Amino acid sequence: DGGITQSPKYLFRKEGQNVTLSCEQNLNHDAMYWYRQDPGQGLRLIYYSQIVNDFQKGDIAEGYSVSREKKESFPLTVTSAQKNPTAFYLCASSIGVWETQYFGPGTRLLVL
Amino acid sequence: AQKVTQAQTEISVVEKEDVTLDCVYETRDTTYYLFWYKQPPSGELVFLIRRNSFDEQNEISGRYSWNFQKSTSSFNFTITASQVVDSAVYFCALSPLIQGAQKLVFGQGTRLTINP
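The listed protein sequences derive, respectively, from chains A and G. For what it's worth, the numbering used here labels the leading residue of the first sequence as 1, then goes sequentially. For what it's worth, the numbering used here labels the leading residue of the second sequence as 113, then goes sequentially.
Structure below.
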């Protein structure tokens, strides 16, 4: 079955800790994206990657970092510099930069 | 600046009623895409439709229909004969072409509740 997987489903972060959210796709899509969703709000773009070894900042990149070493994988690290990390994080991918984005099931990040 | 406004925060109707979700957008681009996504309680966004700025034809897919009017910058979504399974948060999104990449700009969503 082709699709996008995100893990874990729930993640707890302690103060000052970096945590990494996983996003994997087996759709052979070139482009991948990370969004953040706060309660009662729409999604906001954190980072995106059009091809392997390349990525660009979105609208709210501060406190986050990404890597794109493999086509299938686009992990997101929430660093200790992100002061308000509690949110629902969604990963998406698309065949190409102008194609429809399809979303994974999301990871809910909570701060202890 | 790009902006999407979904003025209806919450809508509640009884099953089998028709319901329309409004979406108004702002952009200076002449080439752009408009989308609707559904977010059920599980959280995953489900793609419903994509429309490009040059195609103003209305579209119907089963009980779903979309009305795109460039003159009023609106892209409204109608569910006919609503069902309980339609209960979800619905997002309208705009995708201008910025530096060769697609960056979705989302509205705040409309929470639709269909009561039996």
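The beta carbon of each residue, even a glycine, is placed where N, CA and C say it ideally should be. Fair warning: this is a prediction, and the values are worked out from it, not measured in the lab.
Exercise. Please check if any C-beta of chain A sits within less than 7 Å of the C-beta of Gly174 of chain G.
Key: Taking 7 Å as the CB threshold, Gly174 of chain G stays off the interface with chain A.
Quiz item: Between the Cα of Leu90 of chain A and the Cα atoms of A:Thr100, A:Asn84, A:Leu109, A:Trp98, which residue gives the shortest distance?
Solution: Taking only the C-alpha atoms, the option nearest Leu90 of chain A is A:Leu109.
Quiz item: Which whole-angstrom value is the C-beta distance of Ala200 of chain G and Pro152 of chain G, which I expect to be below 8 Å?
Solution: Between Pro152 of chain G and Ala200 of chain G the Cβ distance is about 5 Å, and since that is below 8 Å, they are a contact.
Quiz item: According to the Cβ coordinates, are Gly2 of chain A and Phe218 of chain G closer than 7 Å?
Solution: Against a cut-off of 7 Å, the Cβ pair of Phe218 of chain G and Gly2 of chain A comes out as no contact.
Quiz item: Who are the Cβ neighbours of Gln37 of chain A in its own chain at under 7 Å, not counting the five residues just before and after it?
Solution: Closer than 7 Å at Cβ, skipping near neighbours: Leu43, Ala87, Phe88, Leu90.
Exercise. Please report the residue range of the beta strand (DSSP E) in which Ala61 of chain A lies.
Key: First-last for Ala61 of chain A: undefined, no H or E at that position.
Quiz item: Considering Asn164 of chain G, what are the terminal residues of the beta strand (DSSP E) in which it resides?
Solution: From DSSP, the beta strand (DSSP E) with Asn164 of chain G extends over 158-164.
Self-check item: Closest residue to Tyr33 of chain A among A:Lys9, A:Lys14, A:Ser65 (Cα-Cα distance)
Solution: Measuring from the Cα of Tyr33 of chain A, the nearest candidate turns out to be A:Ser65.
Quiz item: From the DSSP output, which residues share a beta bridge with Glu138 of chain G?
Solution: G:Lys115.
Self-check item: the stretch 17-26 of chain A / the stretch 116-123 of chain G touching (three or more Cβ pairs under 8 Å)
Solution: Contact fails: fewer than three Cβ-Cβ distances are below 8 Å.
Self-check item: Beta-carbon contacts of Ser185 of chain G that lie in its chain and below 7 Å, excluding the five residues immediately before and after
Solution: So the list reads Val136, Tyr137, Glu138, once near-sequence residues are dropped.
Quiz item: Quick check: the stretch 91-108 of chain A against the stretch 4-17 of chain A, are there 3 or more CB pairs under 8 Å?
Solution: Yes: the two stretches touch, three or more of their Cβ pairs being nearer than 8 Å.
Quiz item: Between Asp130 of chain G and the rest of its own chain, which residues show a CB-CB distance below 8 Å, the 5 nearest in sequence each way excluded?
Solution: Counting only Cβ-Cβ distances below 8 Å, and skipping sequence neighbours, we find Thr190, Ile191, Thr192, Ala193, Ser194.
Quiz item: Closer than 7 Å, CB to CB, is Gln120 of chain G near chain A or not?
Solution: With its beta carbon at least 7 Å from every one in chain A, Gln120 of chain G lies outside the interface.
Quiz item: At a CB-CB cut-off below 9 Å, which residues of chain G make contact with Phe88 of chain A?
Solution: Residues of chain G whose Cβ lies closer than 9 Å to the Cβ of Phe88 of chain A are, in chain order, Gly155.
Quiz item: By Cβ distance, which residues of its chain are closer than 6 Å to Lys71 of chain A, with the 5 residues on each side in sequence left out?
Solution: Sequence-distant Cβ neighbours of Lys71 of chain A in its own chain, meaning closer than 6 Å and more than five residues away, are Val52.
Quiz item: Under a Cβ-count criterion, where at least 16 other Cβ atoms within 10 Å of its own Cβ denotes burial, should Pro85 of chain A be classed as buried or exposed?
Solution: Flag for Pro85 of chain A reads buried.
Exercise. Please decide whether Arg162 of chain G counts as near chain A, where near means a Cβ-Cβ distance under 7 Å.
Key: Output row for Arg162 of chain G: interface = yes.
Quiz item: Taking 7 Å as the CB-CB cut-off, is Thr107 of chain A touching chain G?
Solution: Nearest CB-CB separation between Thr107 of chain A and chain G: not below the 7 Å threshold.
Practice problem: Pick out whichever of A:Ile60, A:Gly40, A:Pro39 has its Cα sitting closest to the Cα of Tyr47 of chain A. | Solution: The residue with the shortest Cα to Cα distance from Tyr47 of chain A is A:Ile60.
Quiz item: Just the Cα atoms here: how many angstroms apart are Ala31 of chain A and Lys14 of chain A?
Solution: Linking Ala31 of chain A to Lys14 of chain A through their CA atoms gives a straight-line distance of about 31 Å.
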